[in-house]
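S.K.: My structure is below; once you've seen it, I'll send some questions.
Number of protein chains: 2
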Amino acid sequence: MAELDVERIAAAALAVADERGAAGFTMRAVADALGVSPMALYHHVEDKAALAALVVDAALNEHELPAPSSQSWQDGLYDMAVWTRDLWRAHPAVTRIRNEHHVYWTPSMYAVAERWVSLWQQSGLDFEDALTAAVTSSMAISGAVETETALAESGVPAASDLKWTPSARALYTRERDPAADFELLVRSVVDGLFARLSQPASRASGDT
Amino acid sequence: MAELDVERIAAAALAVADERGAAGFTMRAVADALGVSPMALYHHVEDKAALAALVVDAALNEHELPAPSSQSWQDGLYDMAVWTRDLWRAHPAVTRIRNEHHVYWTPSMYAVAERWVSLWQQSGLDFEDALTAAVTSSMAISGAVETETALAESGVPAASDLKWTPSARALYTRERDPAADFELLVRSVVDGLFARLSQPASRASGDT
DNA sequence: ACCTGAACACCGTTCAAGT
DNA sequence: ACCTGAACACCGTTCAAGT
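Now the structure itself:
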């Protein structure tokens, strides 16, 4: 009746994560969704962390990477950033599962990294600098995406808490256009890193 | 024998988190550290999420904010960023606990936000833009810190996994100076956002 | 008011047993 | 080879009971 395999398990697990959230993402819940005993899963998957990795990879494979057209490398990076943001916003629970189970690299993640680095290499920076820019920009941008989805899941703090912190309050009452903020951030990071790494001297030093 | 109070609980819980890690951060473990029954904690703390908030706040209070000297606003932001990075690197488990239990705002976090926004306001950007810069830069920088500490805890992928992904491999074999990378990132983000928000037209648009 | 022991409803995972 | 039921060692939390 079951005919389990890794692919079916991954799809079911992703569905469970989406529907029941990170807390409801359970070996038992995934087994239930497949109409199978929880222990059946262990025949195809090492442990829960491996199942989490499967889920992350399934989410990454849902949409193909943006086509590398003839646009500028900056636009290419921005397209990749938007692709990433759309992905995690579509599966907020998966980002939590990813962190909880320390799944940082999956097959598809390598492909994303390749593309990211290759775009930075088109910038004309030398190899080492392009790598540095790729690493730091990706940490900043993926970090911003994670923070955004996490905050989107949590509610707004109580007004009483915000009473004495005008900045934090302004931060929440401000009209927000998250997509525009994200574009601003990505382009600022990319331009800012390129500018700093282009001028050969005083790369990270404060005195310009 | 016990004489429990919230402050003692917070200190013990932070110690447990530091010593036993996020997985070992348990109501029972904290109670043990205090020589008390697990249920005693519930008399002073609503639930585990509230205890997690206590831990985050205790970590934040360990060191005072950097003194706001007469430096430039850019240096002030950089000092704050370093303060944050040092903090989370000293307590890597706490960042995980923070995420797991959705603790985003604690009393001390408001103080940090106030300072961050006020520094951006010294940049001369108008109020809305300063707020936008403060929000986006903080998401990027705190996100980068979280990613860095998470990756530091996890090991390097197996060489066999990296075989076919030259960029990812280069990324790991590259000589890294995390502190310098961090300074580069922070200053690039700050300068990049300021540059983009300073020129009134085409704020987030790609065509410069 | 503060603390405790026993218990409940969950987890991930092991293990012997079934086909 | 693949799946199962029962069991183990944990969780967070509730509840009645003690002082």
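Residue numbers (the working numbering), protein chains in the order written: chain A, 58 to 265; chain B, 58 to 265. Even for Gly, the Cβ is constructed at its ideal location relative to N, Cα and C. Source: prediction; values computed, not measured.
#1: Taking the continuous alpha helix (DSSP H) assigned at A/Lys105, which residues delimit it?
#2: Since B/Asp234 is in the alpha helix (DSSP H), which residue starts that stretch and which ends it?
#3: Does any C-beta atom of chain B lie closer than 8 Å to the C-beta of A/Leu188?
#4: Would A/Leu176 pass as a contact of A/Trp130 if the rule is Cβ separation under 8 Å?
#5: Would you say A/Trp162 and B/Pro214 are within 8 Å of each other, going by their C-beta atoms?
#6: Quick check: A/Ala115 and A/Leu71, are their CB atoms within less than 8 Å of each other?
#7: So, do the segment 197-215 of chain A and the segment 153-167 of chain B have three or more beta carbon pairs nearer to each other than 8 Å?
#8: I'd like the span of the alpha helix (DSSP H) that includes B/Ser165, first residue to last.
#9: Please classify B/Arg253: is it buried, with 16 or more other beta-carbons within 10 angstroms of its beta-carbon, or exposed?
#10: Which of helix, strand or coil does DSSP assign to B/Asp183?
#11: Which residues in chain A have a C-beta closer than 7 Å to the C-beta of B/Asp218? List them in chain order.
#12: Can you list, in chain order, the residues of its chain with a C-beta nearer than 7 Å to that of B/Arg172? Leave out the 5 residues immediately preceding and following it.
#13: To the nearest angstrom, report how far apart B/Arg77 and B/Asp218 are at their CA atoms.
#14: Whose Cβ in chain B lies nearer than 7 Å to the Cβ of A/Thr204?
#15: Interface residues of chain B around A/Val246 at Cβ under 7 Å?
#16: Where B/Tyr229 and A/Thr189 are concerned, what is the direct C-alpha to C-alpha distance, given to the nearest angstrom?
#17: Who are the neighbours of A/Asp238 on chain B, taking C-beta pairs under 9 Å?
#18: When DSSP labels each residue in this structure, what does B/Ala201 get in the three-state scheme?
#19: Using 8 Å as the limit for Cβ to Cβ distance, is B/Arg65 near chain A?
#20: What residues in the segment 136-148 of chain B have a beta carbon less than 7 Å from any beta carbon of chain A?
#21: Helix or strand or just coil, what does DSSP make of B/Ser211?
#22: List the residues of chain A whose Cβ lies closer than 8 Å to the Cβ of B/Arg253, in chain order.
#23: Kindly indicate which residue of A/Ala197, A/Phe251, A/Asp238, A/Ala69 has the alpha-carbon position closest to the one of A/Phe82.
#24: Drop a sphere of 10 angstroms on the beta-carbon of A/Asp183, count the other beta-carbons inside from all chains shown, and report buried for 16 or more, exposed for fewer.
#25: Quick one: give me the first and last residue of the alpha helix (DSSP H) that A/Val87 is part of.
#26: In three-state terms, what does DSSP make of B/Asp264?
#27: So, using beta-carbon positions, are B/Val112 and B/Ala79 closer together than 8 Å?
#28: Can a CB atom of chain B be found closer than 8 Å to the CB of A/Val87?
#29: Less than 8 Å between CB atoms is the rule here; does B/His158 satisfy it with respect to chain A?
#30: Mind checking whether A/Ala201 and A/Leu250 have CB atoms under 8 Å apart?
#31: Taking the alpha-carbon positions, what's the A/Ser199 to B/Ser255 distance?
#32: Quick one: is A/Asp186 buried, meaning 16 or more other Cβ sit within 10 Å of its Cβ, or exposed?
#33: In chain A, what lies closer than 9 Å to B/Leu134 by C-beta?
#34: What three-state label does DSSP hand A/Gln128 in the structure shown?
#35: Going along chain B, which residues have a C-beta under 8 Å from A/Ser165?
M.R.: Walking through what the data contain:
#1: Against the first sequence, residue 105 of chain A aligns to sequence position 48. Where A/Lys105 is concerned, the enclosing alpha helix (DSSP H) stretches over 105-117.
#2: Counting from one through the second sequence, the residue named residue 234 of chain B turns up at place 177. That residue, B/Asp234, is in no alpha helix (DSSP H); it is neither H nor E in DSSP.
#3: In the first sequence, residue 188 of chain A corresponds to position 131, counting from 1. Any Cβ of chain B closer than 8 Å to the Cβ of A/Leu188 would place that residue at the interface, and such an atom is present.
#4: Your numbering for residue 176 of chain A matches position 119 in the first sequence. Your numbering for residue 130 of chain A matches position 73 in the first sequence. Contact flag set, yes.
#5: Reading the first sequence from its first residue, position 105 is the one you call residue 162 of chain A. Reading the second sequence from its first residue, position 157 is the one you call residue 214 of chain B. In terms of Cβ geometry, A/Trp162 and B/Pro214 form a close pair [threshold 8 Å].
#6: For the purposes of this step, residue 115 of chain A is taken as the residue at position 58 of the first sequence. For the purposes of this step, residue 71 of chain A is taken as the residue at position 14 of the first sequence. Yes.
#7: Under the three-pair Cβ rule at 8 Å, the segment 197-215 of chain A counts as touching the segment 153-167 of chain B.
#8: The residue labelled residue 165 of chain B in the question sits at position 108 within the second sequence. First-last of the alpha helix (DSSP H) with B/Ser165: 164-178.
#9: Position 196 of the second sequence, counting from 1, holds the residue named residue 253 of chain B. B/Arg253 should be labelled buried.
#10: Your numbering for residue 183 of chain B matches position 126 in the second sequence. In the structure shown, B/Asp183 adopts coil according to DSSP, grouped into three states.
#11: Start at 1 with the first residue of the second sequence, and residue 218 of chain B comes out as number 161. Going along chain A in sequence order, the residues near B/Asp218 (Cβ under 7 Å) are Trp162.
#12: Position 115 of the second sequence, counted from the first residue, corresponds to residue 172 of chain B. Counting only Cβ-Cβ distances below 7 Å, and skipping sequence neighbours, we find Leu122, Met137.
#13: The residue you call residue 77 of chain B lines up with position 20 of the second sequence. The residue you call residue 218 of chain B lines up with position 161 of the second sequence. The straight-line gap from Cα to Cα measures roughly 30 Å.
#14: As a working note, residue 204 of chain A is residue 147 in the first sequence. Ordered by position in chain B, the residues that pass the 7 Å Cβ test against A/Thr204 are Met196, Ser199, Gly200.
#15: Taking the first sequence and counting its residues from 1, one reaches residue 246 of chain A at position 189. Chain B residues near A/Val246: Ala197, Ser245, Val246, Gly249.
#16: Locating residue 229 of chain B in the second sequence gives position 172, counting from the first residue. Locating residue 189 of chain A in the first sequence gives position 132, counting from the first residue. Distance between the alpha carbons of B/Tyr229 and A/Thr189: 11 Å.
#17: For the purposes of this step, residue 238 of chain A is identified with residue 181 of the first sequence, where counting begins at 1. Result: Thr189, Val192, Thr193, Met196, Ala261.
#18: The sequence position of residue 201 of chain B within the second sequence is 144, counting from 1. Here B/Ala201 sits in helix by DSSP.
#19: Residue 65 of chain B sits at position 8 when you count from the first residue of the second sequence. Cβ-Cβ to chain A under 8 Å: no for B/Arg65.
#20: Going along the segment 136-148 of chain B in chain order, one finds no residue with a Cβ nearer than 7 Å to chain A.
#21: As a first step, residue 211 of chain B is located in the second sequence; it is residue number 154 there, counting from the start. Of the three classes helix, strand and coil, the one that applies to B/Ser211 here is coil, per DSSP.
#22: As a first step, residue 253 of chain B is located in the second sequence; it is residue number 196 there, counting from the start. Against chain A, the beta carbon of B/Arg253 has neighbours under 8 Å at Leu241, Arg244, Ser245, Asp248, listed in chain order.
#23: Start at 1 with the first residue of the first sequence, and residue 82 of chain A comes out as number 25. Comparing Cα-Cα distances from A/Phe82 to each of A/Ala197, A/Phe251, A/Asp238, A/Ala69, the minimum goes to A/Ala69.
#24: As a working mapping, residue 183 of chain A is identified with position 126 in the first sequence. For A/Asp183, the number of other beta carbons within 10 angstroms of its own is below 16, and it is reported as exposed.
#25: Indexing the first sequence from 1 puts residue 87 of chain A at position 30. Counting along the chain, A/Val87 sits inside the alpha helix (DSSP H) bounded by residues 84-90.
#26: Position 207 of the second sequence, counted from the start, is the residue given in the question as residue 264 of chain B. For B/Asp264, the predicted structure reports a pLDDT of 46, less than 50, and the residue's modelled location is therefore unreliable. A value from the coordinates is still provided. Looking at B/Asp264 - three-state DSSP - the assignment turns out to be coil, as it is neither helix nor strand.
#27: For the purposes of this step, residue 112 of chain B is taken as residue 55 along the second sequence, with counting starting at 1. For the purposes of this step, residue 79 of chain B is taken as residue 22 along the second sequence, with counting starting at 1. Their beta carbons are not under 8 Å apart, which means B/Val112 does not touch B/Ala79 by this criterion.
#28: Counting from one through the first sequence, the residue named residue 87 of chain A turns up at place 30. Answer no: the Cβ-Cβ gap between A/Val87 and chain B never drops below 8 Å.
#29: For the purposes of this step, residue 158 of chain B is taken as the residue at position 101 of the second sequence. Residue contact with chain A for B/His158: absent (no Cβ-Cβ distance below 8 Å to any residue of chain A).
#30: As a working note, residue 201 of chain A is residue 144 in the first sequence. As a working note, residue 250 of chain A is residue 193 in the first sequence. Not a contact, by the Cβ cut-off of 8 Å.
#31: Here residue 199 of chain A refers to the residue found at position 142 when the first sequence is read from its first residue. Here residue 255 of chain B refers to the residue found at position 198 when the second sequence is read from its first residue. About 25 Å.
#32: Numbered from 1 along the first sequence, position 129 holds the residue referred to as residue 186 of chain A. Answer is buried; the Cβ neighbour count reaches 16.
#33: Start at 1 with the first residue of the second sequence, and residue 134 of chain B comes out as number 77. Within chain A, no residue comes near B/Leu134; the closest Cβ sits about 11 Å away, beyond 9 Å.
#34: Position 71 of the first sequence, counted from the start, is the residue given in the question as residue 128 of chain A. Of the three classes helix, strand and coil, the one that applies to A/Gln128 here is coil, per DSSP.
#35: Position 108 of the first sequence, counting from 1, holds the residue named residue 165 of chain A. Neighbours of A/Ser165 across chain B, judged by C-beta separation under 8 Å, do not exist; the nearest C-beta is about 11 Å away.
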